[in-house]
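Data block below; observations after.
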Amino acid sequence: MFLYGGAVLPELRKDAVTGTWVIVAAERSKRPHDFNLQGHHLKHNDCIFCYGNENKTPPEVLAWRPLGGEPNTPGWTVRAFPNKFPAVTVQGAPDCRETPDGNIMTAVGAHEVIVDCPDHSVSFGQLSDRQAELVIQALVERFRVLSRNPMVRYIQVFKNCGTAAGSSIEHVHWQLISVPVVPENVLRETAGAEKYREKHGVCGYCRMISGQGTGGERVIETGADFVVFSPFASRFPYETWILPRRHEADFRGIGDKELTSLGRILRKTVGRIEQALDYPPYNIVLHSAPLDKGYRDYHWHLEIMPRLSVAAGFELGTGVFINPVAPEISAAVLREADPGMRQEPVRKGGN
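Add 56 to the 1-based position in the sequence shown for this note's numbering, that's all there is to it.
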């Protein structure tokens, strides 16, 4: 147990056999919820992310204010601040010690929230393309800032939408968590990218893009800068990937034109999912190279995973997912969905 000023700090623990890291963060159990235990939506009068409640969050670290104004006041379009109940801590140092059960260290890092817009009732797919671009700008800016800390080895950007996807606050937002270790899943993926290039002489992700063409059966949308498709080995029904056409391992390397394109195509893709699947719970995760070395064979991308099925005993025991919807069918459904509709989502089971 690590203490700082009498408080128990979050811990990173590494299993001695599997090498898997976990974060033990007891303070996370105190965070507020917009939903009851059945997942029903509660009234959002006291949502700390809403316009006018800026004093209920930690001081902002970024805000887009088109008309100017003082920090931590209304007038913002996108706003970022430290998570009030972080999974990691800015206190202490990542000193690792070995125990008979595995390694343990203070979970040093940053945990930030980026609120997509002031309106509590708007989904990401209902944003304007310009607003989605501003959100991506904020993500890139905070990613770059957090990466300057020499203790940080990996940054995870993600969005949880809905209780089944792990969200406790309904107001549309993203999160960033930086950690002083490279997670096992990331190491496995980057190693796979390196082996693929060694065997085939080309980036595996670049080959995915070229293999999709413009009329492939798993293609959802193509653009000058990005390709949207259902991956061949989809783990979840309607799992969707967005890959940049230009080979780049690190999210920090995104260009200005790509940033604008990403905001637009991500908004459209989420809009398709919302319309086709009636506003399902979903996760979006960024896959980017670790910060500690080049990983030139890797290729950053976004993965969107609607949570329409539950990982049960077989999946948890084997790591092999059972997907009841073929990716070719998923892509066909999403291609036909209208990404531009702005109907109000139905808040099922709540008030």
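Idealized CB from N, CA, C, for every residue including glycine. This one's a predicted model, so the numbers in the text were calculated from it and none came from an experiment.
Take residue i and list the residues in its own chain whose beta-carbon comes closer than 6 angstroms to its own, dropping the five residues that flank it on each side.
| i | result |
| --- | --- |
| Val284 | Ile276, Glu277, Ile298, Thr325 |
| Pro142 | His167 |
| Gly113 | The residue asked about is misnamed: residue 113 is Thr in this sequence, not Gly. For Thr113, where only same-chain residues beyond five positions count, the Cβ hits under 6 angstroms are Ile104, Phe137. |
| Val341 | Phe214, Glu359 |
Go ahead and label residue i buried or exposed: buried means 16 or more other beta carbons lie within 10 angstroms of its beta carbon, across all protein chains shown.
| i | result |
| --- | --- |
| Glu110 | buried |
| Thr76 | exposed |
| Thr145 | buried |
| Lys255 | exposed |
| Leu59 | Confidence is the limiting factor: at Leu59 the pLDDT is only 45, short of 50, which leaves the residue's position unreliable and the question unanswerable from this model. |
| Arg186 | exposed |
| Val73 | exposed |
| Arg244 | exposed |
| Val376 | exposed |
| Asn92 | The predicted position of Asn92 is uncertain, since its pLDDT is 46 and thus under 50; no value can be drawn from it. |
| Asp71 | exposed |
| Ala367 | exposed |
| Cys152 | exposed |
| Pro383 | buried |
Excluding the 5 residues preceding and the 5 following residue i in the sequence, name in chain order all residues of the same chain whose CB lies nearer than 7 angstroms to its CB.
| i | result |
| --- | --- |
| Pro122 | Thr133 |
| Pro236 | Pro150, Val164, Gly165, Met207, Val208, Arg209 |
| Val80 | Pro66, Glu67, Arg69 |
| Leu183 | Asp172, Cys173, Arg323 |
| Asn379 | Ser290, Arg291, Phe292, Pro293 |
| Asn128 | Glu110, Asn111, Pro115, Glu116 |
Taking CB distances under 8 angstroms as the criterion, tell me whether residue i reaches chain D.
| i | result |
| --- | --- |
| Gly75 | No chain D appears in the structure shown, which is made up of a single protein chain. |
Check residue i in the structure and name its three-state DSSP category.
| i | result |
| --- | --- |
| Phe105 | coil |
| Arg308 | helix |
| Gly95 | Low per-residue confidence applies at Gly95: pLDDT is 47, beneath 50, and the placement is therefore not dependable, though the value from the model is reported in the following sentence. Three-state DSSP puts Gly95 in coil, outside helix and strand. |
| Val326 | helix |
| Arg363 | coil |
| Arg186 | helix |
| Leu68 | strand |
| Ala119 | strand |
| Leu299 | strand |
| Leu347 | coil |
| Ile79 | strand |
Pop quiz: residue i and residue j are said to be a contact at Cβ under 8 angstroms. What is the actual Cβ separation, rounded to whole angstroms?
| i | j | result |
| --- | --- | --- |
| Cys103 | Ile192 | Not confirmed; about 23 angstroms, so no contact. |
| Val171 | Arg135 | 5 angstroms |
| Arg363 | Tyr338 | 6 angstroms |
| Ala188 | Leu118 | Rounded, the Cβ-Cβ distance is 16 angstroms, inconsistent with contact. |
| Gly327 | Gly396 | 7 angstroms |
| Ala345 | Ala393 | Actually they do not touch by this definition, with Cβ atoms about 32 angstroms apart. |
| Ser317 | Asp353 | With a Cβ gap of about 24 angstroms, Ser317 and Asp353 do not count as contacting. |
| Trp356 | Ala387 | Not a contact, Cβ separation roughly 22 angstroms. |
| Arg308 | Ile265 | Not quite, the Cβ-Cβ distance comes to about 20 angstroms (not below 8 angstroms), so this is no contact. |
At a threshold of 7 angstroms, does residue i count as lining the ligand FMN (C-beta to nearest heavy atom)?
| i | result |
| --- | --- |
| Glu250 | This structure simply doesn't include the ligand FMN, nor any ligand for that matter. |
Closer than 8 angstroms by C-beta to residue i: which residues in its own chain qualify, once you throw out the five before and the five after it? Chain order, please.
| i | result |
| --- | --- |
| Thr246 | Ala345, Pro346, Tyr351, Asp353, Tyr354 |
| Arg253 | Cys259, Gly260, Asp353 |
Segments assigned beta strand (DSSP E), at least 3 residues, entirely inside the region 254 to 297: 275 to 278, 282 to 285
Those runs of the beta strand (DSSP E) which lie wholly inside the region 195 to 256 and span at least 3 residues: 210 to 217, 229 to 235
3 or more residues per run - each beta strand (DSSP E) lying fully within the region 136 to 166: 153 to 155, 158 to 162
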